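Here the structure is laid out as structure tokens; the discussion comes afterwards.
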Amino acid sequence: MTIAPPGLRDAPAPRVAEATAPPPARRRGRGSARRRAAVAGAVFLLPSLVLFGYFAWWPIGRSVVLAFQRTNLVSPAEWVGTANFDALFADPLLPTAALNTLWFSVLSLAIGLPIPLLCAVLISELRRGGTLARVLSYLPVVVPPVVSVLLWKTFFNPGEGGVVNSLLGLVGIGPLPWLQSPELAMPSLVIVATWSGAGTAILIYLAALSGVPSEQYEAAELDGASVWQRVRFVTLPRLRGVILVLLLLQIIGALQVFTEPYVMTDGGPANATVTILLMIYRYAFLFGNYGVATALSVLLAGVLVVVSAVYLRVTRSWSTS
Amino acid sequence: MTATAPPTPIPTPVADPAPPASSSRRTATPRPERARSILSTFDWKRRSTRIGWRSMHTVLLVALVALGAVPLLWMVRAAISTTTDLVNRPLSLIPDPARWSNIVDAWNLLGIGQYLANTVGLVAGSWAVQLIVATTAGFALAIIRPFYGRIVYGGFLVTLFVPGTVTLIALYLTILDLPGLGISLADSWWAVWLPAGAHAFNILLVRQFFDEIPRELFEAAQIDGAGWFTIFWRIVLPLSKPILAVVSLLSIMTAWKDFLWPLIVLSDPATQPLAVALPRLAQNTDPAFLIAGLLIATIPPILIFLAFQRQIVSGIGFSGLKG
């Protein structure tokens, strides 16, 4: 099974015009075939062009404009220069939200990178029950995020019925105020996010693991490499590309975290779980301040573009190697 | 998460002449013919290695059951428990007494039936729109290949690198007042259905698949007088069941899990899906009822997953599913 980054390996064929020429039996000249293909192509592209126009390209362009405007949906939008950004940087919550989002990303990478990798290596060596292990590891991914968040909110319940605290009580820990303490709230969210996300990473690692040629293990073993040396010097280098890609995907995903803090803690306690996206949501839909909300979105986009550029470079060097 | 497309093994028509046979072949773990992996048969014969890996595997399976299955089983148990039972014995997986009426009560009191129907309607519409957009655009780009196709495809792909959250506000304002039409889609399911179609990853998957179909097929059909639509409907679509299955699974699972966008555009409770309604209901509901609602929202995607787990687990394009 080959893994290639979609969008990179499929450069459109350069001989587009030739390819659309009709079969020799009906050759009526290149020009008219080209025109007919252009018309037919336009007809088939109509649904996608309309939807992308309205719901992808227009909003992208409008985001850039909106960041420099003030609009309240009643009176016409007016240009305000960088006032939205000024208001944003004057908001004392912005550094808090940025640090919280960063903290969430660091924590979710610290757990979400090594654990799926370890699970995948172990699952790939299972001689029986491999399918069961795959299904079990992917089950939480299938649960709708809102359900997993509300379910874990019940688990973290600090009262008598709290599942997590009851479990910890069995080994003499706690009870801990999971969602009620500013220190533990963010780790709690990371636990939930990892629970619902790790299965995807495990399946992707497993696909990559099955692509490692067995001859390489054979050769390493003949050369006297121990099991862990084989993991270290054969498996991990072969997986390097996938690991890097998943790392960047996880960063991009983590920087946009919303459902967990919104449903579980609503940013609390004491703003300990306010994230960038939660701030965007509040600016727009609580305060009706669409300009400032968009300005923050554009800033987030800038960060994500940098991350995506790194991602592109990494995948390019990986796919050619 | 539309910023980036995760690595996806893409089925090809050439490799899969017969979809049903290929799907079973594709999904079967290549265990019997697999030569070896990290560990060799020789390693497994060594006592220390065997004991070490056996115990690691045991720990792994116990952990997977504890984290993958037990929370869901607990949800089933809690959904049919009394609130006092939940508080007194939170760690048990057996309800005492089992109160099956919870499910019925949650269904009636919380209006779960309505929200479930809304979810199904939203998912079905998003699925249909995504399928129409992806197949028509893929057909135009991969098979008709008009001279401007490359530019249009580039335009689609660019949107992959702009995460949906970044254009969230502008998209919302667009929904409120469609440029040039003066229509507002707010509180209508169209507000969820139509933007779902503007998803370049589907087009990319379908286009790559269509690209692999031998062009002789179309040329032969054209000699027989078939127009583009006949080729699309009678040749390309029947050949494309594997990729249509992938796009369908992707779009259905994503739409079922969607939260932020329906939360924003569907403020009228009568139009909301379960994902939006449940957090609101959670504010003031008997926990047992709420968990019954959570269970109802989880059963359909779990059933879809279990029905198609071979296709999904075997690593076919499951991507972008993470909220």
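Chain order of the listed sequences is C and Y. Quick note: the first sequence uses UniProt numbering, first residue 1, plus one each step. Quick note: the second sequence uses UniProt numbering, first residue 1, plus one each step. The C-beta atom is built at its ideal place from N, Cα and C for all residues, glycine as well. Note that this is a predicted model, so its numbers are computed, not measured.
Could you have a look at C/W69 and say whether DSSP puts it in helix, strand or coil? Sequence check: residue 69 of chain C is Gln here, not Trp. Strand.
In chain C, which residues lie with their C-beta within 8 Å of the C-beta of Y/L69? According to the sequence displayed, residue 69 of chain Y carries Ala and not Leu. Per Cβ cutoff of 8 Å: L136, L139.
Three-state class that DSSP yields for Y/W100 in the structure shown: coil
According to DSSP, simplified to helix, strand and coil, what is C/P125? Before going further, note that residue 125 of chain C is Glu rather than Pro in the sequence given. Three-state result, C/E125: coil.
List, in chain order, every chain Y residue whose beta-carbon is nearer than 8 Å to that of C/F285. Correct list: I264.
In whole angstroms, what is the alpha-carbon distance linking C/P116 and C/L49? 39 Å
C/E183 in three-state terms, based on DSSP: Looking at C/E183 - three-state DSSP - the assignment turns out to be helix.
Cutting at 7 Å between CB atoms, please list the residues of its own chain near C/L312, excluding the five before and the five after it. none
Please work out which residues of its chain come closer than 7 Å, Cβ to Cβ, to C/W103, disregarding the five sequence neighbours upstream and downstream, and give them in chain order. M186
So is C/A272 in contact with chain B if we call contact Cβ pairs under 9 Å? This model lacks chain B altogether; the protein chains it does include are C and Y.
Neighbourhood of Y/F289 by C-beta, 8 Å cutoff - its chain only, sequence neighbours within 5 removed: Only N102, D105, A106, L109, L110 meet the Cβ criterion.
Which of helix, strand or coil does DSSP assign to Y/E212? Three-state DSSP puts Y/E212 in coil, outside helix and strand.
Alpha carbons only, please: which of C/L222, C/V121, C/L126, C/I251 is nearest the one belonging to C/Y205? C/V121
At the 9 Å Cβ level, is Y/S22 part of the contact set with chain C, yes or no? In this prediction, Y/S22 has a pLDDT of 41, which is less than 50 and means its spatial position is unreliable; what the coordinates show is noted afterwards. Cβ-Cβ to chain C under 9 Å: no for Y/S22.
Inter-residue CB distance, Y/T167 and C/S63 (contact presumed, cutoff 8 Å): Taking C-beta atoms under 8 Å as the contact rule, Y/T167 and C/S63 qualify, at a distance of about 5 Å.
Is Y/W107 close to chain C? Criterion is C-beta to C-beta, closer than 9 Å. no
With a threshold of 9 Å between beta-carbons, can Y/A134 be considered close to chain C, or not? Interface residue, yes.
Answer yes if the segment 203–214 of chain Y comes into contact with the segment 127–141 of chain Y, meaning at least three C-beta pairs across the two stretches below 8 Å, and no otherwise. yes
Rounded to whole angstroms, what's the CA-CA distance from C/L189 to Y/E219? Just pull it up for me. Looking at the backbone, the Cα of C/L189 and that of Y/E219 are separated by about 56 Å.
For C/Y217, does the count of other Cβ atoms within 10 angstroms reach 16, so buried, or fall short, so exposed? buried
Where the segment 47–68 of chain Y meets chain C: residues whose CB sits under 9 Å from a CB there: T49, G52, W53, M56, H57, V59, L60, L61, A63, L64, V65, L67, G68
Amino acids of chain C, ordered along the chain, whose beta-carbon sits closer than 8 Å to that of Y/W256: P144, listed in chain order.
Pick out whichever of Y/N284, Y/P179, Y/S267, Y/I132 has its Cα sitting closest to the Cα of Y/S251. Considering only alpha carbons, the answer is Y/I132.
From C/I60, C/L170, C/A198, pick the residue whose C-alpha is nearest to that of C/L247; which is it? C/A198
Cut-off 8 Å between Cβ atoms - residues of its own chain near Y/S184, not counting five sequence neighbours on either side: Excluding five sequence positions before and after Y/S184, the CB atoms of its chain that fall closer than 8 Å to its own CB belong to I175, L176, D177, L178, given in chain order.
Is C/E125 close to chain Y, meaning its C-beta is less than 9 Å from at least one C-beta of that chain? yes
In chain order, what residues of the segment 265–277 of chain Y put their CB closer than 7 Å to some CB of chain C? A275
Cβ of Y/I203 within 9 Å of any chain C Cβ: So, interface residue.
Tell me, to the nearest whole angstrom, how far the beta carbon of C/S148 is from that of C/V192; I am working on the premise that it is less than 8 Å. 6 Å
Excluding the five sequence neighbours on either side, which residues of its own chain have a C-beta within less than 7 Å of the C-beta of C/S196, listed in chain order? P140, V141, V143, P145, S148
Which value, in whole angstroms, describes the spacing of the CA atoms of Y/S24 and Y/M253? Since pLDDT at Y/S24 reaches only 43, below the 50 mark, its modelled position is unreliable, and no value is offered.
Among C/G41, C/W58, C/A67, C/L113, which has the Cα closest to the Cα of C/L239? C/L113
Where Y/K45 falls, given that 16 or more other Cβ within 10 Å makes a residue buried: exposed
In its own chain, which residues sit with a C-beta less than 6 Å from the C-beta of C/R316, not counting the 5 before and 5 after it? none
Extent of the continuous alpha helix (DSSP H) to which C/V106 belongs: 93–112
State the CB to CB distance for the pair C/A98 and C/I251, rounded to an integer number of angstroms; the pair is presumed to be in contact (CB under 8 Å). Rounded, the Cβ-Cβ distance is 14 Å, inconsistent with contact.
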